[in-house]
Amino acid sequence: MPISSSGRRWRATASLATAATALALVSTGQSGSQAATPSEKPRAGRAAHATFDVRYPDSTTARVAAAKVDARAGKRAAVRSLRAKLGSTATIDIDGLTGTPRWIVDLGDGRLTGPSGKRPADIALGFVRDNLAAFGLEQSDMSSFRLRNSYRDIAGIRHVSFRQKFGGVAIFGFGLRASIDSRGRIVEIGGSPVPGALLTARPAAKLTGADAIARAKRVAGDAVTRATSDDRAEQVLVVTRDKTYLGWQTVTMASDVPALSVVDAATGRLLFHRPLGADDNDPERAAEPAAKPAPKSTGVAFEYFPGAPRGGSYHGVNFTKKGWLGPHATKLSGNNSHAYSDLDDSNNASKNEQVGPSAGQRWDYRLVPFDVPSVSFCGNPYPCSWDPETPFSWRTNRKQNTTQVFYFVNKFHDHLLKAPIGFTEDAGNFERVNSTKQGKAGDAVRTETMDGANTAGGVPDGAHLDNANMETPPDGMAPRMQMYLQHQPGTSYPDGDPFPANNTGDEGDTVYHEYTHGLSNRLVVDPTGNSGLLGQQAGSMGEAWSDFYAFDYLVAEGYQPDTATEGDVRLGIYDGAGQPLVRTSGLDCPVGGSSPDCDNPDVGHTGGYTYDDFADVIGFPEVHADGEIWAQTLWDLRNALGVRTTRMLVTRAMELSPVDPSYLDMRNAILVADGAVYGGEHLSDLWELFAARGMGYYAGTFGGNDASPAADFTTPPASVQMATVTGTVTDDADGSPVAGVPVSVAFQGGAGLVNPTAITAADGTYSMQVPTGDYGKITTGGQGYEYQETSISVTAGGPNVADFALRRDWAAEAGGGTIADFTGPDYSFFGCGPYEAIDLSQVTGWGSTTGDDFGTPTNTFVPKEIVVQLPAVVDASAIGVDPAATCGDGGSASLGDYRIETSANGSTWNIAAEGTFTVDDRGRINELTPASTTGNGIQYVRLTMLSNQTPDFATNCPLGAFSGCSYTDLSEITVYGAPTDPDARRPVGALGADRTRTAYWRPWRQLTAS
């Protein structure tokens, strides 16, 4: 998987972006891979739901370049000197693009420097100035730093962040950030600052900010693309390895799919895109004495869900006394939330969508249960809240549900505000009036209930059911929370739709889960203030934090039991009709437990999950499923360290973490937080807890987007000993040396550079220093060779040898393969073009359409083809295909029927293979043997997509809510074999990734097609 050997992510997987912060009320108990389900939603636009970052292309060319940056950094005398000064428990993570520190921390006492009485900002800049060479910067770069934010968290740690400006324009995403404790000691520092020498000349802007907003909205499929007061645009510099772009950073909240994007100001090309959607003891104001009762706004609400054994009954609430509503309020709009029912999904509150008081200043609305004969759940044991077969039946409980969600949002705001969590105004919480943070715009939560309930003639359409989400823009812009009705009209229960006819906003854990996405996206940020939750592991932790904070609160308040029975703390009791529809197991499942409620046969062991189960919980990488690993780990911490300590450490770790953290980055952040807050009091316990979950000292991952990390179950050694690892990398066909490829050990446990890396010499040999121990993942590849990994035990006496014999993929772009032709629209500008099919990565792929070039839903399939030109004439022994959907599409868009043809000259073709791919073929390279002699002496391979995996395509499309009705994809094409002429075996060198993508970028056609 093409991720940086430095630990810096390359790009979020397409599947992540679709559900990054949504609750995703879809069963995860199914076997197989990404089966198409009726819950799939029609896409607003080809690119709308996927994440794209031009700075980190998913290609082996980019990975090799990053590894070389890391290897050079490891050899710099200044870096070696800094490592020695910091000690054996410090880690230095170098960004593979900027060549500067992504994150520096000490896993021992949690502090990098001694006490200082200087200002925190000066302490951070002073550390950089004293270590300029180690940071890869020049003295002239110091003038580029501009203090963006400085706040003190509830534990007394001061967090400072600096943007960089060159020529008056700010750098996008990169900069400097540091955390300094109350005694002036640096706890962490990094941010991947940009050396001025990395910048290149940039073209002048031709687009205005309004033009850029329109471009970004066009990507989301919006019919109206003009800028509104809810949208923002700012000029930025986007720095890549080879080029500096002048761009417009846009935040488009007034959009069908709100997103943070960067548009090239010269050409309109999309450079970055991240969807913003995911998925009592309160402080009270004393009433002034008065001759008559003071005016007040009140209401009724329950604490958990209707009918819950605990917290299921209504009680009165003084909204005014709690500071949630003014005494003369006429709608549910206060300092923390504006709640209304967005029935038409316009993202604005019309007059009939507001909820006023039932009488006087009292919001006394109670759930009226529905008896739906076709849904056995109703009243057995919990109430239903509407009848999916009766249009407009949701009107009965519209005001009740909006009032209830308003209560939940305000309640959780106050809970997160208090110690030891401390989600304050300065930390980026959600409040309309910000008294302590001058200049910050108000950002109370736009709380939309029954979203889209009236989008299909009095009932919700398929895109507005069985879900919930939270869209979180940068601090100062209001987030949007959306709650939906459940159960698809016209389907049976539970076979047609397993979710009962209720409302996701009527369950506290659902609302708290979504609200916590706001917490994590505001605390884990880059130096410029944008969310740093980007890759697969970061997205998984985002789901885990949301589950953890919700149930940590509910269990602590006594609403959700956590008994001696393993697996009883489970999400979605009400939403899921008491069944495990949204998670495979409970948060309280211990490693090695024996409860059947914690048993998942797919992972090969009983009890709770470990890091070794990543991507295996439901058979493929998925943020909600993989998040269960982290959520159960946090519950272990809660049981071992107590509620207050765990809340403190987990929250502080988010504030201390680097951009796009992996599980191991966040493990390290918790260790650092313990040193900073508690003086390392819990360090030993923490290592034991993490080791039990497979995140021990020798665990390793190549960044936050690595879906196959290496687990380890050991605690740190008593002392660190270094040893040398050597080996030779050769071609598996003829044994010839493979030069210039990176060899990296996955390791984040300390003792210097993260993921130590060496580059093979002309004779294919390499050598590197690592701590002694057992490593689960040492990898190499690139230059047209597939990546290969193995494990290694490193001892002080040696020999420590890891040799590799690599297999060449003759189609790979990095080895000289090119795209000779293709049909259908070109999505190269978004990282979904034809070259992504030959980039040696199954994370990305070729995204095309099912019918016309515009992605119009259809039940008539229009075949699309792609032609790969090999760098030499080859005798192909096998042609491989991963048919999995990509670019944010659901599993139904995966390639189904196919035809593969080969040619020696690109004009005369022979059928080499044809057939049908199914669900079981997704996510792996399926090797097909060419028929007869069709693989001999070929230089061209043509693959034609004849259908996709949408069930009952002719019936379900275009009316069905399946991605495959609009789009058809595949992830990778490979060609194995030997050159017909042996002298052509050596790689011809990688084509420039940017050049090939630019050649196939057709902006105006694509922007229209979106």
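In this note's numbering, the protein residues as written are 84 to 1093.
The beta carbon of each residue, even a glycine, is placed where N, CA and C say it ideally should be.
These figures come from a predicted structure and were not determined experimentally.
Where does A596 sit, in a helix, a strand or coil, going by DSSP?
Mapped onto the sequence shown, residue 596 falls at position 513. With the sequence shown as reference, residue 596 is identified as His, and Ala is not the correct amino acid for it. Note: H596 maps to helix in three-state DSSP.
At the level of alpha carbons, what is the spacing between I1056 and T991?
The residue given as residue 1056 occupies position 973 in the sequence shown. The residue given as residue 991 occupies position 908 in the sequence shown. About 20 Å.
Starting from the N-terminal side, write out each stretch of the beta strand (DSSP E) that is 3 residues or longer and does not extend beyond the segment 919 to 984.
929 to 932, 947 to 965
Which residues does DSSP list as the beta-bridge partners of C467?
Position 384 of the sequence shown, counting from 1, holds the residue named residue 467. Note: C467 sits in a beta bridge opposite F453.
Please determine if the segment 883 to 899 and the segment 854 to 866 are in contact, where contact requires at least 3 C-beta pairs separated by less than 8 Å.
yes
To the nearest angstrom, report how far apart T797 and L169 are at their CA atoms.
The residue you call residue 797 lines up with position 714 of the sequence shown. The residue you call residue 169 lines up with position 86 of the sequence shown. About 24 Å.
If N586 and L568 are in contact, beta carbons under 8 Å, what's the gap, nearest whole angstrom?
As a first step, residue 586 must be located in the sequence shown, where it is residue number 503. As a first step, residue 568 must be located in the sequence shown, where it is residue number 485. The Cβ separation is near 6 Å, so the contact holds.
Please check the pair P286 and C467, which I expect to be a contact at CB under 8 Å, by giving their CB distance rounded to whole angstroms.
Your numbering for residue 286 matches position 203 in the sequence shown. Your numbering for residue 467 matches position 384 in the sequence shown. P286 to C467, Cβ: 59 Å. No contact.
Please confirm if the segment 510 to 518 is in contact with the segment 614 to 623, defined as three or more CB-CB distances below 8 Å between the two stretches.
No, because fewer than three Cβ pairs between the segment 510 to 518 and the segment 614 to 623 fall closer than 8 Å, the two stretches do not touch.
Given a cut-off of 8 Å, decide if G274 and L836 are closer than it, judged by their beta-carbon atoms.
Counting from one through the sequence shown, the residue named residue 836 turns up at place 753. Counting from one through the sequence shown, the residue named residue 274 turns up at place 191. No, the pair does not count as a contact, with Cβ atoms beyond the cut-off.
Here's a check: name, in chain order, each residue in its chain whose Cβ is nearer than 7 Å to the Cβ of P389, leaving out the five neighbours to either side.
Here residue 389 is taken as the residue at index 306 of the sequence shown, counted from 1. Only G395, L450, Y465, P466, D589 meet the Cβ criterion.
Could you give the distance in angstroms between the alpha-carbon of L499 and the alpha-carbon of T1051?
In the sequence shown, residue 499 corresponds to position 416, counting from 1. In the sequence shown, residue 1051 corresponds to position 968, counting from 1. Roughly 43 Å between the two C-alpha positions.
For P684, which three-state DSSP category applies?
Sequence index remark: in the sequence shown, residue 684 carries index 601 (1-based). P684: helix per DSSP, three-state reduction.
Does the contact criterion of 3 or more C-beta pairs under 8 Å hold for the segment 730 to 744 versus the segment 694 to 714?
no
Using the three-state DSSP reduction, which class does L195 fall into: helix, strand or coil?
Counting from 1 along the sequence shown, the entry for residue 195 is found at position 112. Correct three-state label for L195: coil.
Looking only at DSSP bridge pairs, what is E765 linked to?
Locating residue 765 in the sequence shown gives position 682, counting from the first residue. Reading off the sequence shown, one finds His at residue 765, where the question assumed Glu. None; H765 has no bridge partner.
Alpha carbon to alpha carbon, how far is T807 from V828?
If you number the sequence shown from 1, residue 807 lands on position 724. If you number the sequence shown from 1, residue 828 lands on position 745. Each residue's Cα considered, the two are about 12 Å apart.
Determine, using beta carbons only, whether F785 and L717 come nearer to each other than 8 Å.
For the purposes of this step, residue 785 is identified with residue 702 of the sequence shown, where counting begins at 1. For the purposes of this step, residue 717 is identified with residue 634 of the sequence shown, where counting begins at 1. With respect to L717, F785 sits apart: the two C-beta atoms are not nearer than 8 Å.
Which residue marks the beginning of the beta strand (DSSP E) containing F887, and which one marks its end?
As a first step, residue 887 must be located in the sequence shown, where it is residue number 804. Residues 887 to 889.
Assess, as a yes-or-no matter, whether the segment 182 to 194 is touched by the segment 860 to 879 under the definition of 3 or more beta carbon pairs within less than 8 Å.
With the cut-off at 8 Å, the segment 860 to 879 and the segment 182 to 194 do not touch.
Measuring CA to CA, which of T646, G1006, R301, E649 is closest to S338?
What you label residue 338 is simply residue 255 of the sequence shown in a count that begins at 1. When only C-alpha atoms are compared, the closest one is R301.
How many angstroms separate the CA atom of D709 from the CA atom of Q620?
As a first step, residue 709 must be located in the sequence shown, where it is residue number 626. As a first step, residue 620 must be located in the sequence shown, where it is residue number 537. Using only the alpha carbons, I get a separation of about 8 Å.
Spatial neighbours of E531 within its chain, please: C-beta separation below 6 Å, excluding the five flanking residues on both sides.
Position 448 of the sequence shown, counted from the first residue, corresponds to residue 531. Cβ within range, chain order: D425, Q565.
Based on Cα-Cα distance, which residue from R202, L208, G251, G209 lies nearest to R235?
Along the sequence shown, one-based indexing puts residue 235 at 152. Minimum Cα distance to R235 is reached at R202.
Note down the Cα distance separating W477 from Y423, rounded to an integer number of angstroms.
In the sequence shown, the residue the question calls residue 477 occupies position 394. In the sequence shown, the residue the question calls residue 423 occupies position 340. Between W477 and Y423, the C-alpha separation is close to 14 Å.
Ignore the nearest five residues each way along the sequence and tell me which others in L769's own chain have a CB closer than 7 Å to its CB.
Residue numbering aside, residue 769 sits at position 686 when the sequence shown is read from its first letter. The residues are I753, L754, D757.
Looking at the structure shown, is H547 part of a helix, part of a strand, or coil, going by DSSP?
Taking the sequence shown and counting its residues from 1, the one referred to as residue 547 is at position 464. Of the three classes helix, strand and coil, the one that applies to H547 here is coil, per DSSP.
For P543, collect the residues of the same chain with a Cβ closer than 6 Å to its Cβ; drop the 5 residues on either side in sequence, then sort them by chain order.
Numbered from its first residue, the sequence shown carries residue 543 at position 460. Hits under 6 Å: G535, A536, L568.
Would the beta-carbon of A775 fall within 8 Å of that of V686?
Locating residue 775 in the sequence shown gives position 692, where the first residue counts as 1. Locating residue 686 in the sequence shown gives position 603, where the first residue counts as 1. Cβ atoms of A775 and V686: not closer than 8 Å.
Sorted by chain position, which residues of the same chain lie with C-beta nearer than 7 Å to N29's C-beta, five sequence neighbours on each side aside?
With the chain covering 84 to 1093 only, the question about residue 29 has no answer from this structure.
Within 10 Å of its beta-carbon, does A280 have 16 or more other beta-carbons around it, so buried, or fewer, so exposed?
As a first step, residue 280 is located in the sequence shown; it is residue number 197 there, counting from the start. It is exposed - the Cβ of A280 has fewer than 16 other Cβ atoms within 10 Å.
Please confirm whether R1005 and G974 have their CB atoms less than 8 Å apart.
Numbered from 1 along the sequence shown, position 922 holds the residue referred to as residue 1005. Numbered from 1 along the sequence shown, position 891 holds the residue referred to as residue 974. For R1005 and G974, yes; Cβs fall inside 8 Å.
So what does DSSP say about N419, is it helix, strand or coil?
By one-based count along the sequence shown, residue 419 stands at place 336. Coil, per DSSP.
How long is the line joining the alpha carbons of T174 and A167, rounded to whole angstroms?
The count along the sequence shown starts at 1 and reaches residue 174 at position 91. The count along the sequence shown starts at 1 and reaches residue 167 at position 84. Cα to Cα, T174 sits roughly 11 Å from A167.
Whose C-alpha, out of D224, L215, I272, is nearest the C-alpha of H242?
In the sequence shown, counting from the first residue as 1, residue 242 sits at position 159. For the residues D224, L215, I272, the minimum Cα distance to H242 belongs to I272.
Can you give the Cα-Cα distance for L953 and A894, rounded to whole angstroms?
As a working mapping, residue 953 is identified with position 870 in the sequence shown. As a working mapping, residue 894 is identified with position 811 in the sequence shown. If you draw a straight line from the Cα of L953 to the Cα of A894, it comes to about 6 Å.
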